[in-house]
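Student:
6 protein chains.
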Amino acid sequence: MPLYDLPLAQLETYLPDVPDPEGFDEFWAGTLAEARAFDLDVRLEPVDTGLTLVETYDVTFPGFGGHPVRGWLTRPAGEAGPLPAVVEYLGYGGGRGLPHERLAWAAAGYVHLLMDTRGQGSAWGTGGDTPDPVGAGPAFPGFLTRGLLDPAEHYYRRVFTDAVRAVDAVRTVAGVDPARVAVTGVSQGGGLALAVAGLVPDVAAVMADVPFLCHMRRAVELTDARPYSEVSAYLAVHRGDVEQAFRTLSYLDGVNFARRASAPALVSVALMDVTCPPSTVFAAYNHYGQPADGTDKEIVVYPFNGHEGGAAEQLGRQIRWLGARLGAVDGVGAAARLG
Amino acid sequence: MPLYDLPLAQLETYLPDVPDPEGFDEFWAGTLAEARAFDLDVRLEPVDTGLTLVETYDVTFPGFGGHPVRGWLTRPAGEAGPLPAVVEYLGYGGGRGLPHERLAWAAAGYVHLLMDTRGQGSAWGTGGDTPDPVGAGPAFPGFLTRGLLDPAEHYYRRVFTDAVRAVDAVRTVAGVDPARVAVTGVSQGGGLALAVAGLVPDVAAVMADVPFLCHMRRAVELTDARPYSEVSAYLAVHRGDVEQAFRTLSYLDGVNFARRASAPALVSVALMDVTCPPSTVFAAYNHYGQPADGTDKEIVVYPFNGHEGGAAEQLGRQIRWLGARLGAVDGVGAAARLG
Amino acid sequence: MPLYDLPLAQLETYLPDVPDPEGFDEFWAGTLAEARAFDLDVRLEPVDTGLTLVETYDVTFPGFGGHPVRGWLTRPAGEAGPLPAVVEYLGYGGGRGLPHERLAWAAAGYVHLLMDTRGQGSAWGTGGDTPDPVGAGPAFPGFLTRGLLDPAEHYYRRVFTDAVRAVDAVRTVAGVDPARVAVTGVSQGGGLALAVAGLVPDVAAVMADVPFLCHMRRAVELTDARPYSEVSAYLAVHRGDVEQAFRTLSYLDGVNFARRASAPALVSVALMDVTCPPSTVFAAYNHYGQPADGTDKEIVVYPFNGHEGGAAEQLGRQIRWLGARLGAVDGVGAAARLG
Amino acid sequence: MPLYDLPLAQLETYLPDVPDPEGFDEFWAGTLAEARAFDLDVRLEPVDTGLTLVETYDVTFPGFGGHPVRGWLTRPAGEAGPLPAVVEYLGYGGGRGLPHERLAWAAAGYVHLLMDTRGQGSAWGTGGDTPDPVGAGPAFPGFLTRGLLDPAEHYYRRVFTDAVRAVDAVRTVAGVDPARVAVTGVSQGGGLALAVAGLVPDVAAVMADVPFLCHMRRAVELTDARPYSEVSAYLAVHRGDVEQAFRTLSYLDGVNFARRASAPALVSVALMDVTCPPSTVFAAYNHYGQPADGTDKEIVVYPFNGHEGGAAEQLGRQIRWLGARLGAVDGVGAAARLG
Amino acid sequence: MPLYDLPLAQLETYLPDVPDPEGFDEFWAGTLAEARAFDLDVRLEPVDTGLTLVETYDVTFPGFGGHPVRGWLTRPAGEAGPLPAVVEYLGYGGGRGLPHERLAWAAAGYVHLLMDTRGQGSAWGTGGDTPDPVGAGPAFPGFLTRGLLDPAEHYYRRVFTDAVRAVDAVRTVAGVDPARVAVTGVSQGGGLALAVAGLVPDVAAVMADVPFLCHMRRAVELTDARPYSEVSAYLAVHRGDVEQAFRTLSYLDGVNFARRASAPALVSVALMDVTCPPSTVFAAYNHYGQPADGTDKEIVVYPFNGHEGGAAEQLGRQIRWLGARLGAVDGVGAAARLG
Amino acid sequence: MPLYDLPLAQLETYLPDVPDPEGFDEFWAGTLAEARAFDLDVRLEPVDTGLTLVETYDVTFPGFGGHPVRGWLTRPAGEAGPLPAVVEYLGYGGGRGLPHERLAWAAAGYVHLLMDTRGQGSAWGTGGDTPDPVGAGPAFPGFLTRGLLDPAEHYYRRVFTDAVRAVDAVRTVAGVDPARVAVTGVSQGGGLALAVAGLVPDVAAVMADVPFLCHMRRAVELTDARPYSEVSAYLAVHRGDVEQAFRTLSYLDGVNFARRASAPALVSVALMDVTCPPSTVFAAYNHYGQPADGTDKEIVVYPFNGHEGGAAEQLGRQIRWLGARLGAVDGVGAAARLG
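Protein sequences, first through last, are from chains R, Z, C, P, D and H.
Read left to right, the first sequence gives residues 1 to 339 (full-length UniProt numbering).
Read left to right, the second sequence gives residues 1 to 339 (full-length UniProt numbering).
Read left to right, the third sequence gives residues 1 to 339 (full-length UniProt numbering).
Read left to right, the fourth sequence gives residues 1 to 339 (full-length UniProt numbering).
Read left to right, the fifth sequence gives residues 1 to 339 (full-length UniProt numbering).
Read left to right, the sixth sequence gives residues 1 to 339 (full-length UniProt numbering).
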């Protein structure tokens with residue numbers, strides 16, 4: 001796909017008027033209060049991965065509705081801490097997979113919590129383990145239209161709440177420095193990271209790559225790629241539900257979380273991305289931290305990439321960017337020399 | 001798609017050894033008993049459709065778990081009955097739509113109950129109105145892998161139960177002759193009709209067009225078209241769940257319902273159908289009513305069609321076939337003549 | 001396909017300068033006079049459909065060149081009339097199919113004449129029965145480029161004439177009120193309805209859904225979907241015929257019929273329709289009835305639909321809209337009650 | 001497309017039982033007699049092509065029904081003859097194009113007549129100029145289903161007759177040796193060449209590359225590529241016409257012409273050809289000249305090609321093969337030397 | 001593909017600011033001097049093609065680095081000359097093929113040299129015979145990214161040099177008038193013709209059809225068709241190489257050659273061409289011969305064609321256009337008349 | 001893609017007769033001797049990755065022709081060894097990327113050498129850094145047809161030699177136990193691992209996932225997916241080179257390496273893999289270690305996967321399988337406990 005969205009110069013200042021629905025803050029305050037009413041019972045079962053440099057735990061913590069949410073916690077072996085932590089959220093359709101798959105953050109000295117996404121984890125990769133015990137009205141296959149007619153029923157209300165509780169959970173883990181917890185994710189994971197940035201004021205840093213779930217009406221009208229196209233597919237059948245659907249989505253829109261956020265942020269965007277159109281990412285980024293101009297934020301532009309974005313190159317930038325902000329364990333490996 | 005499955009001569013005698021799982025009958029007896037423990041409270045709200053020849057009602061009846069299931073009941077205007085009835089089930093992804101869409105059975109003198117499919121109705125057409133209030137473990141987008149690891153949790157356990165209760169419901173409607181209730185459907189609807197044939201011994205007739213949900217393991221290994229491919233997509237991620245998944249599906253397989261059925265049956269199959277491969281349809285048809293050779297059954301073969309099958313041509317055959325078996329209202333229109 | 005044409009706000013006032021070729025009125029006056037020189041010998045053969053609420057007739061009437069054109073006439077059984085009538089034209093590639101397929105208008109109390117499209121009826125559905133006995137010069141497969149170099153030779157000259165004669169024919173049928181004849185159709189059928197609106201001043205109402213054959217040069221340059229792409233495919237080979245081809249098409253363009261029409265009109269358009277781009281539909285709609293601002297016209301916009309447009313939802317609107325204008329049989333079914 | 005048809009070893013002896021319909025010979029004898037009742041009025045208009053080594057003429061001759069059929073006749077400039085001639089037929093959808101496009105046969109010393117295909121010439125290339133003035137019943141877009149229900153009405157009856165008359169015509173051209181007339185063509189052109197081989201016993205040689213129109217029922221059931229798929233598309237709508245359609249096609253099947261032919265033949269086939277499956281080509285080739293085992297025939301197999309087959313490589317083989325059988329002008333160029 | 005680039009009226013005056021890199025002239029002067037340091041040893045081996053009107057030679061001449069480059073030289077049989085000559089370059093992926101494939105220029109009285117493209121000739125047609133003995137750094141499959149980070153290493157530096165040496169070579173052939181040498185080509189061949197126009201001041205005429213390799217940055221950002229997409233694919237991996245890559249390409253950009261050229265030029269462009277977007281062709285054409293307004297140049301616009309452009313129709317125009325400028329052999333065939 | 005190759009039961013005993021060309025052993029003995037004549041000058045530059053648990057080095061070693069080949073060497077930080085080592089080869093089109101991408105082997109206590117693939121590394125991922133300084137004759141875009149007509153010139157002769165030298169190189173690294181060096185790779189990397197298994201008798205273990213480059217003639221005839229289709233594309237142009245091409249490939253075929261190998265082997269195969277058809281993998285696996293029945297080998301079958309195969313699940317199996325055979329560092333992490 002060639003360049004198809006606004007030119008870069010326009011994207012850099014693109015600040016669209018995205019509806020900020022009345023009661024947004026109350027909606028989320030109530031939602032989180034309800035979830036936090038469940039005891040934060042974080043269970044950690046050690047896992048034998050065959051890896052010697054890290055320790056891995058199978059984590060279960062209570063998310064939305066107190067429902068058990070799974071994850072992997074990986075940390076440098078034998079490091080007592082306190083260590084900074086990175087909570088990572090997954091891309092659409094994937095699950096937490098296997099515990100030897102994502103080792104970079106632990107190898108960089110962080111406690112790494114990878115949160116499973118409820119109901120997902122069967123479309124790619126090596127699987128997820130977290131059910132979503134809540135049913136739904138008629139929905140297009142996928143997750144984006146489950147509960148589309150009511151923000152209180154929408155699937156992502158539950159997932160965003162899980163994401164907040166994942167931060168709550170990691171802060172209770174022994175050896176974690178609760179003041180140094182960052183959130184990160186790619187695509188849907190980036191959308192979750194932005195949501196957490198808006199909902200947990202004291203998160204220490206946010207990294208969102210090619211984030212999904214931003215400026216959703218524009219996205220749905222601009223691209224026919226999945227998963228945004230689930231919404232247009234739904235509305236092509238439920239022809240009378242257009243306004244109600246987008247009202248629901250406004251309670252879940254990354255732009256609305258971004259404008260409430262203030263943590264240091266590193267975002268990335270790809271100009272040939274048809275899954276998460278660049279203007280929707282810039283809409284969130286440009287609103288991020290507004291009107292506080294002094295926000296510590298940065299966006300990395302990948303001009304010839306699609307939704308893969310910066311991939312491992314961006315991960316490398318993140319390791320450096322986050323290291324400069326949160327520090328990390330040192331000592332081990334610092335004086336690495338051969339022979 | 002050209003011919004790709006077995007040659008017709010082999011299809012006609014194709015009688016594969018499909019697993020008939022231990023406890024199948026108990027599983028379904030228990031399931032139905034549980035559903036029938038809920039009061040059969042059938043609500044009928046008259047609808048103003050602008051149509052003058054028929055009366056239409058918005059129906060709600062309790063399905064699996066007593067959950068409310070919706071439908072449209074359409075009947076010749078002003079006919080007291082008793083009339084024969086046709087219960088129709090829908091294809092995958094569709095909903096009951098609007099009440100003026102499917103008029104042929106009422107125009108032919110039957111009471112017609114079109115059952116909505118829980119959770120579906122957002123992929124094509126004009127929509128569905130029935131939620132599925134039950135959540136699920138990690139599943140591939142769609143419905144076929146919800147609850148794939150346990151027959152008691154599987155989505156189609158609930159839908160098949162709804163389908164049985166739709167027959168129960170229509171039999172209570174004033175003016176319906178409970179001894180003359182037929183079931184019909186295309187694709188998923190045909191699969192449901194076969195399931196009902198196996199679960200409700202005294203249904204008067206069964207019409208199943210290009211039925212889905214038959215000989216599922218073969219289907220999943222033979223075609224990469226949706227929705228069967230949802231299962232292969234799931235198993236491509238959950239690599240260790242193969243045997244458990246197919247064990248679950250065996251409790252839902254049309255072949256197993258067909259071999260327990262005995263009502264007169266009219267089936268259709270299309271030889272270029274890649275959605276529901278012809279061998280999977282013949283597998284169900286050839287087992288139907290076994291070993292009672294005297295079963296009144298017939299299969300119509302469409303050699304150059306894909307999944308659209310016989311479409312309206314098959315509907316015409318059905319009107320004649322069912323008329324010969326169940327009769328229908330006559331009087332109105334019988335002596336129709338122009339001026 | 002996402003939104004790709006002009007924004008809705010621009011579409012609503014889009015009034016492009018579509019060529020209105022010299023001699024357009026004479027061309028059509030001559031064409032119709034020639035066709036009407038053939039005796040309007042309307043034959044009606046009763047058909048046994050198995051339906052009891054309606055009567056159906058296999059219709060043959062003389063179209064362009066006096067060639068026999070087929071159709072189905074369906075009416076409420078036993079209603080003497082006079083009844084209002086609806087003449088329906090078909091989408092591209094389809095045929096009249098089977099007489100039990102389209103029952104809504106008769107069920108709503110109208111005499112319904114479904115006109116077969118000459119030469120078509122082999123691409124989808126259950127078939128057509130009307131030959132086109134006229135040959136053509138070199139043409140791209142399909143119908144749009146047959147006779148592309150001369151309006152007198154063009155295929156649609158014949159079809160539009162058939163459509164006018166269908167109105168003439170139904171007005172002669174016993175029990176039809178000739179003052180209450182509406183025309184309707186989807187896609188190509190909508191294009192024909194618009195043409196008839198421009199050619200038969202006293203048609204009582206016009207319903208055109210996602211109409212084809214409007215503002216054709218723009219359409220050909222804007223979309224590569226069939227059937228408009230037949231024209232670009234032809235011109236990619238016959239590189240020197242561009243101006244002559246579009247001159248021919250201007251005699252057949254829905255915009256030119258629309259600006260000559262005045263009957264009450266209900267149009268629909270879908271904003272993600274790549275088969276009939278929304279700007280080409282608005283071009284016809286905005287010109288419709290010009291400059292008489294008082295024209296009774298309305299357009300229904302489906303923002304997330306492709307060429308399926310409003311489908312049965314639009315049909316529901318039409319039943320109400322036409323009922324308000326033409327009335328319909330009542331009595332039967334009006335007091336419909338259960339039990 | 002990989003290998004998908006029978007293995008080569010089986011293809012080499014593949015001799016299927018293709019229906020040879022009763023009255024085949026009478027049908028064609030009558031058809032040709034009727035066509036030959038029209039005067040063979042061959043018109044040749046010189047054309048200024050800018051080419052100096054050849055002379056080119058715009059040819060018109062009477063084909064089926066006496067309808068004017070166009071072509072290009074190209075010959076070595078200034079050669080009085082008598083020269084051997086090659087009549088070439090075109091692939092599906094193409095037209096005779098422009099007179100400087102196909103120069104090899106004239107450059108090799110032959111009189112070259114390129115026959116336009118009636119009604120075609122708008123799908124690729126630079127166009128055709130020959131109308132088909134005969135209409136048709138309902139047909140799928142394209143040419144293969146025009147008149148599908150009656151061999152007397154079928155489109156290819158007319159085209160095959162044109163092809164025979166092209167041979168008749170070239171034999172009357174001054175400077176042509178009527179005993180040395182070969183026919184050639186690719187795909188549809190190869191099918192026509194085979195038909196002429198069966199209908200004109202004294203044609204001097206036949207060259208058919210990846211020929212279309214052979215063993216058509218197998219082709220339609222084996223491939224979904226166009227144009228064979230036009231037949232399956234038609235039969236998917238006209239579900240009851242299967243046997244009648246294939247009966248018609250049997251009068252036009254290359255296998256039936258091949259078994260009546262005896263001229264020296266050079267055929268080519270490509271094993272990855274999904275447009276004209278290799279087994280259908282071998283079916284014609286293996287029947288060619290049967291049971292006369294002494295027939296001078298050869299087939300060239302291209303194992304890794306699709307429908308492009310041998311292309312210019314096969315043309316090179318043909319120049320040598322035909323030169324060895326028909327000789328060609330020599331003298332000009334024979335002693336070619338540089339400087 | 002419909003119209004997707006700038007409107008024609010804008011294209012006609014489109015004169016973008018394409019970077020003209022410092023040292024461009026020195027780069028090419030040095031490159032050519034280095035190549036011309038190798039002896040121009042042109043070898044001509046006569047080939048027996050079976051064609052009698054022309055003589056054909058298998059040519060080898062030294063290109064970039066003195067590497068042997070192959071070609072076919074075809075000329076009117078027995079014509080001593082001096083004759084004008086046409087040097088033709090090939091489209092991307094093709095090779096010189098077989099010597100009987102391209103006969104029009106020789107048939108029009110020219111000496112025709114068809115240059116093989118080093119390393120190519122395996123993607124379509126009948127093959128190439130010229131290796132490229134130079135390796136490359138990591139590159140995307142294809143040729144456009146070989147040596148992308150340094151103009152001195154780029155593949156097209158070698159090919160353009162070969163193209164210049166082909167002109168040098170044909171001028172040494174006996175019977176060729178060195179003052180009347182034209183260059184021509186389609187797509188990549190057109191790009192090469194433009195490059196030669198800029199590098200060989202005294203070439204007599206230039207014909208470039210739908211030329212590739214012009215205004216490359218815009219092309220890469222505007223289309224995702226191959227081969228331009230090789231560059232975006234490369235940059236999607238080598239994310240940091242964007243500026244260096246386009247700097248390299250600026251040394252090879254047809255716009256920069258065009259603005260240095262002055263020979264009479266005939267260009268063609270297709271408005272629906274997604275392989276070589278029309279704006280990139282106009283960018284080169286509008287710069288061609290600047291600021292000398294008196295340049296003899298013409299562009300032919302094909303409004304409904306894709307990358308096939310004018311094809312044989314454009315060839316016909318070229319024969320007339322070049323004939324008017326370079327004359328050609330006459331005498332043979334000039335007075336061509338039949339019998 | 002559904003199951004399309006042989007049934008599993010047949011695959012398990014599939015032992016086809018793959019040509020074992022004369023001189024195979026001499027060819028490779030000579031090739032390796034020539035490469036080993038270059039000094040094994042292994043350069044290791046420490047890299048600052050920001051990771052603290054591992055040390056990473058940018059490696060350069062001399063491959064085929066002494067050409068510099070790049071890689072990343074990653075090892076547990078501060079572990080003196082001797083450690084076992086894993087040499088990993090990459091999939092087609094990828095490069096070594098960035099040093100923080102593949103951490104599992106080092107995290108499991110091995111020295112990990114990831115070898116870049118010469119000329120590749122621009123199709124996916126984050127890039128490669130190793131040029132292939134050798135040119136080629138005409139080739140289809142990609143790597144499989146470079147030098148297709150001569151095993152001495154073929155691209156993979158160079159790459160396989162690089163792969164052998166990578167093993168030679170890692171054995172010289174301080175802290176590596178040369179007796180415990182395993183090779184591994186996915187797809188092309190699996191093909192390379194098998195080649196090394198056949199060429200380096202004392203490699204300690206081999207892991208090959210969905211290996212490419214096995215039983216290549218069957219692969220080319222069975223699938224049209226890239227990269228095998230590069231060969232069919234080439235042969236579709238170079239129609240006369242079929243036998244010579246496959247003779248070349250037989251010197252590079254994984255089956256021929258497998259039958260010469262004896263190291264313990266863990267192979268994986270996916271039954272819906274159209275890139276590397278399962279029968280071609282089984283052909284190599286079933287020949288592996290023949291006729292020594294006692295070979296320590298195992299194949300893991302993924303029945304519903306395509307070319308992604310077992311992915312991280314297989315990696316987990318490999319960590320366990322290799323750990324059981326080569327041991328690994330322990331001590332660090334072994335007593336991992338939380339808090």
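Where a beta carbon is used, it is the ideal one built from N, C-alpha and C, also for glycine.
This structure is a prediction, so every number in the text was calculated from the model and none was measured.
Given a limit of 8 angstroms on CB to CB distance, which residues of the region 192–219 of chain P reach chain C?
Tutor: none
Student: Could you spell out the range, first to last residue, of the alpha helix (DSSP H) harbouring Z/L249?
Tutor: V242 to S250
Student: Does H/D132 come within less than 8 angstroms of chain D when only Cβ atoms are used?
Tutor: yes
Student: Could you give the DSSP three-state label for R/Q10: helix, strand or coil?
Tutor: helix
Student: Using a Cβ distance threshold of 8 angstroms, determine whether the region 47–55 of chain R contacts the region 143–155 of chain R, with at least three qualifying pairs required.
Tutor: With a cut-off of 8 angstroms, the region 143–155 of chain R and the region 47–55 of chain R do not count as touching, because too few Cβ pairs lie within range.
Student: Going by C-alpha distance, which of D/D293, D/R247, D/Y251 and D/P277 is nearest residue 340 of chain D?
Tutor: Residue 340 of chain D falls outside the range modelled here, since chain D spans only 1 to 339, and no answer is possible.
Student: Report the residue from H/G94, H/P211 and H/V203 whose alpha carbon sits nearest the alpha carbon of H/D168.
Tutor: H/V203
Student: Among D/T161, D/G189 and D/W124, whose alpha-carbon lies nearest the alpha-carbon of D/L32?
Tutor: D/T161
Student: Excluding the five sequence neighbours on either side, which residues of its own chain have a C-beta within less than 6 angstroms of the C-beta of C/L90, listed in chain order?
Tutor: T117 and G189
Student: Please list the terminal residues of the continuous alpha helix (DSSP H) segment that includes H/G190.
Tutor: For H/G190, the enclosing alpha helix (DSSP H) stretches over residues Q188 to L199.
Student: Between the Cα of H/S268 and those of H/E34, H/V281 and H/A261, spot the shortest distance and give me the residue it belongs to.
Tutor: Of H/E34, H/V281 and H/A261, the residue nearest in Cα terms is H/V281.
Student: In its own chain, which residues sit with a C-beta less than 6 angstroms from the C-beta of D/F143, not counting the 5 before and 5 after it?
Tutor: So the qualifying residues of the chain are Y155.
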